[in-house]
Each structure stands twice: as structure tokens, then as C-alpha cells.
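Here is the structure we will look at.
In UniProt numbering, the protein residues as written are 1 to 117.
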């Protein structure tokens, strides 16, 4: 609470509480978010939202197991969304093959055209 501002306006906490009780039925000062002194001399009270109003509405749970992919999601190729520099061959990345070595990513057809001298 800004006591200095209240003193400048010649108001006290009791004036704020009286306005909040008469306008909104608020009896505790901790439930007031803002109090504004209007040009006409009235005090406007803006309360904090209740916990119920601040929480989003519950969504219905889906009956699909978490391992299933929703039907509305589009499938993408592994190479989509990568820049040309990210598509070039990289060693020791990805899943291990049967020999215990890292998988090798080979350039795609668009990379081969770009990489030719």
C-alpha cells in the first residue's frame, strides 16, 4: 500500500476499506489489487481475481493412451525443417548401429546438387 499517496490525497486505509465494502463487499484490504481516486472524488476498487476465475477451465481428458499419436498431427520427414547446413553428413550422431558405431546421416538429393563443385 502506498501510504505516501494516501496522505497526499488525504485518505486513509479506512476510507479504502469503506469504499470496498460498499461497492464490492470486500472486507479485507489484502483482496484489493488497485484503488483509484477518480476525478469526481469517488474511490474505484479493483479486486484480485479469485482462484477459481484465474484457473483455466478443466479440459476433458482423452481416452487415448499417451503412446498413440493424435490423428490430427501431420507427419514430417526427418529432413524437413532443417537448413542446408544441418542436412550435411554428420558422423557419430543418432542411434547406434549393430557394430556399436554412431549412425551416419547422408546428404539428401538437394544437398548433393548444392555440394557438387
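Here a beta-carbon is modelled for each residue, glycine too, at the ideal position from N, C-alpha and C.
query                                                                                     : result
N-terminal and C-terminal residue of the alpha helix (DSSP H) that residue 126 is part of : Any answer about residue 126 is impossible in this case: the structure gives the chain only from 1 up to 117.
Identified DSSP bridge partners for residue 35                                            : 45
Coarse secondary structure for residue 28, derived from DSSP in three states              : coil
beta-carbon residue 9 near the ligand HEM non-hydrogen atom, thresh 7 Å                   : As presented, the structure is devoid of all ligands, the ligand HEM included, so that no description of it is given.
8 Å contact criterion, which residue 21 and residue 48 should meet: CB distance rounded   : Rounded, the Cβ-Cβ distance is 16 Å, inconsistent with contact.
For residue 34 and residue 46, believed in contact at Cβ under 8 Å, the rounded distance  : 4 Å
For residue 10, three-class secondary structure by DSSP                                   : coil
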